[in-house]
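Asker: I'd like to ask some things about the structure below.
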Ligand SMILES: Nc1ncnc2c1ncn2[C@@H]1O[C@H](COP(=O)(O)OP(=O)(O)OP(=O)(O)O)[C@@H](O)[C@H]1O
Ligand SMILES: Nc1ncnc2c1ncn2[C@@H]1O[C@H](COP(=O)(O)OP(=O)(O)OP(=O)(O)O)[C@@H](O)[C@H]1O
Ligand SMILES: [Mg+2]
Ligand SMILES: [Mg+2]
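Chains as they are written, first to last, in the working numbering: chain A, 1 to 225; chain B, 1 to 225.
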């Protein structure tokens with residue numbers, strides 16, 4: 001499903017180079033639930049942006065469902081992002097002038113999916129925010145914004161969910177509820193990759209990729225209770 | 001030092017009222033290290049904004065160092081915020097077009113403090129980001145932005161530090177380093193209030209205020225190893 005080979009990303013800043021990702025290689029099969037951990041600045045979000053087709057690598061290759069992502073045109077990449085991938089951003093990326101409901105509805109409108117309003121309300125309901133539907137992002141708490149971002153990522157039932165620290169702003173009880181939603185979606189067939197700093201989230205994933213200084217330092221599979 | 005009596009905050013949204021904070025009362029003495037915990041949406045950031053003089057309550061009173069905050073004019077409130085309080089925002093609130101160094105330097109420039117550039121570099125060094133000084137926020141990882149926000153809050157040695165989920169985007173090792181910086185500042189006399197969802201952070205604070213639905217549900221003091 002996801003095949004990454006020698007994937008690299010270098011940022012240039014003035015005359016300085018930042019090697020954010022260095023020749024990372026791994027495969028993820030359809031239906032896996034994988035966590036990614038590592039120190040702040042180790043390249044996790046950079047990797048997620050490449051996996052989510054939001055950015056292109058400086059080197060190496062990325063095949064998604066056997067398609068070489070670097071061979072796609074811009075509109076084809078947009079189609080993949082809209083139809084196949086649900087992305088929860090570390091900083092949420094909500095539209096500031098739209099309500100929670102409008103933010104969640106957006107991927108459905110892009111994809112011309114019918115009954116978008118009902119589906120969006122349903123998704124908000126799943127993250128416990130039905131009564132916040134009319135609030136704009138600046139009228140929501142940090143954890144509520146995070147949950148709107150999650151609701152938006154799962155609303156069109158994507159086959160791949162990429163969530164960058166989805167429980168960072170949530171208390172443990174709400175975090176557990178969100179993790180259970182992800183496990184439910186995984187049980188229904190979605191391939192899920194979660195970046196997390198929380199060992200209790202990572203412990204519930206059968207596989208964990210550890211990042212260090214832009215490299216993959218360890219690929220650990222473990223039994224999960 | 002901090003005296004809060006029947007403090008309330010109600011947001012109005014169209015014809016709906018949101019009781020974000022409901023008659024909260026507590027006192028915090030100079031030099032205390034206090035954590036605030038509670039479910040997402042329970043009013044923690046709302047309370048922090050009032051304590052930080054960033055917003056005014058709908059009811060009740062807030063005395064800071066014996067001054068009734070509601071009696072202050074706008075420029076006096078700005079003076080208190082700049083000279084006495086260091087605030088770490090849950091969503092960082094960094095200036096997007098300024099570098100990390102310029103962001104950290106800003107409170108010193110406002111306060112006309114000399115040697116601002118050296119002090120700002122020193123503060124960035126304390127959070128492990130000396131080599132990210134020239135990066136702008138969108139050229140930093142989530143945890144690096146959080147640390148720039150922390151560096152900015154502590155750069156002018158404030159007597160009160162209000163940190164809203166300061167380790168939410170940090171791996172455990174970096175989070176421990178940041179918490180140790182706060183404990184060091186507390187040992188040097190700063191009064192520190194941390195909102196956190198992380199029990200391991202809260203366990204290191206001798207006192208924890210628990211919020212629930214806008215109310216203070218418990219005020220717990222405990223011995224700390
Ligand atoms: N400007 C606003 N208008 C209307 N409602 C608001 C506004 N700001 C916050 N709220 C609501 O007030 C409640 C408390 O918000 P607050 O940000 O204090 O929560 P919190 O405890 O910090 O949550 P979190 O842990 O998710 O950050 C939330 O339910 C939120 O939806
Ligand atoms: N646009 C950019 N220009 C230059 N450097 C960048 C840029 N974006 C990220 N970086 C750097 O690349 C490194 C990796 O960033 P990345 O966001 O992938 O880290 P991360 O593992 O997600 O960290 P965190 O846990 O703090 O979110 C960081 O050190 C960061 O400073
Ligand atoms: Mg990140
Ligand atoms: Mg908050």
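Beta carbons are placed, not taken as given, at the ideal position from N, Cα and C, and that holds for glycine.
Going by DSSP, what residue range makes up the alpha helix (DSSP H) through residue 174 of chain B?
Answerer: The count along the second chain starts at 1 and reaches residue 174 of chain B at position 174. In this chain, the alpha helix (DSSP H) harbouring residue 174 of chain B covers 172 to 187.
Asker: Residue 133 of chain B lies in the alpha helix (DSSP H); which residues open and close that run?
Answerer: Indexing the second chain from 1 puts residue 133 of chain B at position 133. No alpha helix (DSSP H) holds residue 133 of chain B; DSSP gives it neither H nor E.
Asker: List the whole-angstrom C-beta distance separating residue 164 of chain A from residue 127 of chain A, where the pair is believed to meet the contact cut-off of C-beta under 8 Å.
Answerer: Working through the first chain from its first residue, we reach residue 164 of chain A at position 164. Working through the first chain from its first residue, we reach residue 127 of chain A at position 127. Between residue 127 of chain A and residue 164 of chain A the Cβ distance is about 16 Å, and since that is not below 8 Å, they are no contact.
Asker: Taking residue 183 of chain B as the query, report the chain A residues whose CB atoms sit under 9 Å from its CB, ordered along the chain.
Answerer: Here residue 183 of chain B is taken as the residue at index 183 of the second chain, counted from 1. None at all; the shortest Cβ gap to chain A is about 19 Å.
Asker: On a Cα-Cα basis, can you pick out the residue from A:26, A:206, A:4 and A:142 that is closest to residue 169 of chain B?
Answerer: Here residue 169 of chain B is taken as the residue at index 169 of the second chain, counted from 1. For the residues A:26, A:206, A:4 and A:142, the minimum Cα distance to residue 169 of chain B belongs to A:142.
Asker: Looking at the structure shown, is residue 4 of chain B part of a helix, part of a strand, or coil, going by DSSP?
Answerer: Within the second chain, residue 4 of chain B is the residue found at index 4, counting from 1. Residue 4 of chain B falls in the strand class under three-state DSSP.
Asker: By the DSSP assignment, the alpha helix (DSSP H) with residue 196 of chain A in it spans what residues?
Answerer: Here the question's residue 196 of chain A lines up with position 196 in the first chain. Residue 196 of chain A -> no alpha helix (DSSP H), and no H or E assigned at all.
Asker: In this structure, does DSSP put residue 16 of chain A in helix, strand or coil?
Answerer: Residue numbering aside, residue 16 of chain A sits at position 16 when the first chain is read from its first letter. Strand.
Asker: Taking C-beta pairs closer than 7 Å, name the residues in chain B that residue 41 of chain A reaches, listed in chain order.
Answerer: What you label residue 41 of chain A is simply residue 41 of the first chain in a count that begins at 1. What residue 41 of chain A touches in chain B: 141, 143 and 144.
Asker: Between residue 29 of chain A and the rest of its own chain, which residues show a CB-CB distance below 7 Å, the 5 nearest in sequence each way excluded?
Answerer: By 1-based counting over the first chain, the position of residue 29 of chain A is 29. Cβ neighbours of residue 29 of chain A within its own chain (closer than 7 Å, five residues either side excluded): 1.
Asker: Just to confirm my understanding: we take residue 55 of chain B, look at its own chain, exclude 5 residues before and 5 after, and list those with CB closer than 6 Å. What are they?
Answerer: Locating residue 55 of chain B in the second chain gives position 55, where the first residue counts as 1. The answer, listed in chain order, is 49.
Asker: Using a Cβ cut-off of 8 Å (strictly closer), state whether residue 11 of chain B contacts chain A.
Answerer: By one-based count along the second chain, residue 11 of chain B stands at place 11. The Cβ of residue 11 of chain B sits closer than 8 Å to at least one Cβ of chain A.
Asker: Using a 10 Å radius around the Cβ and a threshold of 16 neighbouring Cβ atoms, would you call residue 97 of chain A buried or exposed?
Answerer: Reading the first chain from its first residue, position 97 is the one you call residue 97 of chain A. The residue is exposed, with fewer than 16 neighbouring Cβ atoms inside 10 Å.
Asker: Any heavy atom of ligand 3 inside 7 Å of the beta-carbon of residue 175 of chain B?
Answerer: Within the second chain, the letter at position 175 stands for residue 175 of chain B. Not under cutoff, so the answer is no.
Asker: Should the stretch 50 to 70 of chain B be regarded as contacting the stretch 5 to 12 of chain B, the criterion being three or more beta carbon pairs within less than 8 Å?
Answerer: yes
Asker: Quick one: does residue 135 of chain B have its CB under 8 Å from some CB of chain A?
Answerer: Position 135 of the second chain, counted from the start, is the residue given in the question as residue 135 of chain B. So yes, residue 135 of chain B belongs to the interface.
Asker: Using CA atoms only, rank isn't needed, just tell me which of B:139, B:218 and B:181 is closest to residue 13 of chain A.
Answerer: Taking the first residue of the first chain as position 1, residue 13 of chain A is located at position 13. Checked all of B:139, B:218 and B:181; the closest Cα to residue 13 of chain A is B:139.
Asker: Which residue comes first and which comes last in the alpha helix (DSSP H) that contains residue 46 of chain A?
Answerer: Here residue 46 of chain A refers to the residue found at position 46 of the first chain. 44 to 51 is the extent of the alpha helix (DSSP H) around residue 46 of chain A.
Asker: Closer than 8 Å by C-beta to residue 70 of chain A: which residues in its own chain qualify, once you throw out the five before and the five after it? Chain order, please.
Answerer: Your numbering for residue 70 of chain A matches position 70 in the first chain. Around residue 70 of chain A: 56, 57, 61 and 62.
Asker: Got a sec: does ligand 4 put a non-hydrogen atom nearer than 7 Å to the Cβ of residue 142 of chain A?
Answerer: Position 142 of the first chain, counting from 1, holds the residue named residue 142 of chain A. Because some heavy atom of ligand 4 lies under 7 Å away, the Cβ of residue 142 of chain A counts as near it: yes.
Asker: Just to make sure I have the definition right: I need the residues of chain B whose C-beta is within less than 8 Å of the C-beta of residue 169 of chain A. Which are they?
Answerer: Locating residue 169 of chain A in the first chain gives position 169, counting from the first residue. The contacting residues are 40, 90, 165, 168 and 197.
Asker: I'd like to know if residue 14 of chain B contacts chain A, where contact means its C-beta is closer than 8 Å to some C-beta of that chain.
Answerer: Here residue 14 of chain B refers to the residue found at position 14 when the second chain is read from its first residue. Cβ-Cβ to chain A under 8 Å: yes for residue 14 of chain B.
Asker: If you follow the beta strand (DSSP E) that residue 149 of chain B is part of, which residue opens it and which one closes it?
Answerer: As a working mapping, residue 149 of chain B is identified with position 149 in the second chain. Counting along the chain, residue 149 of chain B falls outside any beta strand (DSSP E), though it belongs to the alpha helix (DSSP H) covering 142 to 154.
Asker: What's the gap between the Cα of residue 213 of chain B and the Cα of residue 42 of chain B?
Answerer: What you label residue 213 of chain B is simply residue 213 of the second chain in a count that begins at 1. What you label residue 42 of chain B is simply residue 42 of the second chain in a count that begins at 1. Between residue 213 of chain B and residue 42 of chain B, the C-alpha separation is close to 5 Å.
Asker: Is residue 42 of chain A near ligand 5, with its Cβ less than 7 Å from a heavy atom?
Answerer: Among the ligands in the structure shown, ligand 5 does not appear; only ligand 1, ligand 2, ligand 3 and ligand 4 can be found there.
Asker: Between the stretch 77 to 87 of chain B and the stretch 112 to 126 of chain B, do at least 3 Cβ pairs fall closer than 8 Å?
Answerer: no
Asker: Going by DSSP, which residues form a beta bridge with residue 35 of chain A?
Answerer: As a first step, residue 35 of chain A must be located in the first chain, where it is residue number 35. A:194 and A:208.
Asker: Give me whichever residues DSSP pairs with residue 24 of chain A in a beta bridge.
Answerer: Numbered from its first residue, the first chain carries residue 24 of chain A at position 24. Answer is A:7.
Asker: How many angstroms separate the CA atom of residue 193 of chain B from the CA atom of residue 186 of chain B?
Answerer: Residue mapping note: residue 193 of chain B aligns to position 193 of the second chain, counting from 1. Residue mapping note: residue 186 of chain B aligns to position 186 of the second chain, counting from 1. Going from the Cα of residue 193 of chain B to the Cα of residue 186 of chain B covers about 10 Å.
Asker: Residue 216 of chain B lies in the alpha helix (DSSP H); which residues open and close that run?
Answerer: Along the second chain, one-based indexing puts residue 216 of chain B at 216. Unbroken run through residue 216 of chain B is the beta strand (DSSP E), 215 to 221; no alpha helix (DSSP H).
Asker: Inspect the beta-carbon positions of residue 190 of chain B and residue 223 of chain B and report whether they are closer than 8 Å.
Answerer: For the purposes of this step, residue 190 of chain B is taken as the residue at position 190 of the second chain. For the purposes of this step, residue 223 of chain B is taken as the residue at position 223 of the second chain. Result no, Cβ atoms of residue 190 of chain B and residue 223 of chain B do not sit closer than 8 Å.
Asker: Could you confirm whether any beta carbon from chain A is found closer than 8 Å to the beta carbon of residue 61 of chain B?
Answerer: For the purposes of this step, residue 61 of chain B is taken as the residue at position 61 of the second chain. It does not; no Cβ of chain A falls within 8 Å.
Asker: Would you verify that the beta carbon of residue 126 of chain B is, or is not, closer than 8 Å to some beta carbon of chain A?
Answerer: Taking the second chain and counting its residues from 1, the one referred to as residue 126 of chain B is at position 126. Answer no: the Cβ-Cβ gap between residue 126 of chain B and chain A never drops below 8 Å.
Asker: Considering only residues of the stretch 71 to 96 of chain A, which uninterrupted alpha helix (DSSP H) runs meet the minimum length of 4 residues and lie entirely inside it, listed in chain order?
Answerer: The stretch 71 to 96 of chain A contains these whole alpha helix (DSSP H) runs: 74 to 83.
Asker: Looking at residue 45 of chain A and ligand 3, is the gap between the Cβ and the nearest heavy atom below 7 Å?
Answerer: Residue 45 of chain A sits at position 45 when you count from the first residue of the first chain. Correct: residue 45 of chain A has its Cβ closer than 7 Å to ligand 3.
Asker: If you measure from the beta carbon of residue 174 of chain A to each beta carbon in chain B, is any gap under 8 Å?
Answerer: Position 174 of the first chain, counted from the start, is the residue given in the question as residue 174 of chain A. Interface residue, yes.
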